[in-house]
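Please read the structure below before turning to the comments.
Numbering (the numbering used here), first residue to last: 5 to 101.
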């Protein structure tokens with residue numbers, strides 16, 4: 005049986021990921037479900053814990069579906085905030101070959 009190859013999709017995150025953006029982020033992730041996904045967080049200037057939770061739930065869902073969920077780029081603000089709230093995303097960072 006031939007393996008089914010899924011297309012790689014990219015999601016660029018908004019500069020401000022606050023409570024107001026959490027629902028929109030969740031809906032965007034739902035729309036991309038079923039494809040390997042790369043997250044570009046390079047433009048993020050501010051991120052709240054709820055949006056980080058949405059992203060981590062997405063990562064778990066993609067893992068359960070045996071699909072790739074990686075961060076290609078993250079801003080300093082995104083990285084510092086995740087560290088501050090105790091969320092380790094190192095295992096989700098894209099690895100250079």
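Cβ coordinates follow ideal geometry from the N, Cα and C atoms, glycine included.
Exercise. Considering only the beta carbon of each residue, do residue 29 and residue 48 sit closer than 8 Å?
Worked result: no
Exercise. Helix, strand or coil: which one does DSSP assign to residue 45?
Worked result: strand
Exercise. Considering only C-alpha positions, which residue in the set 59, 11, 51, 75 is nearest to residue 32?
Worked result: 59
Problem set entry | Boundaries (first-last residue) of the beta strand (DSSP E) holding residue 15 | 12–16
Exercise. What residues are listed by DSSP as bridge partners for residue 77?
Worked result: 44
Exercise. With 16 as the cutoff for other CB atoms within 10 Å, does residue 11 come out buried or exposed?
Worked result: exposed
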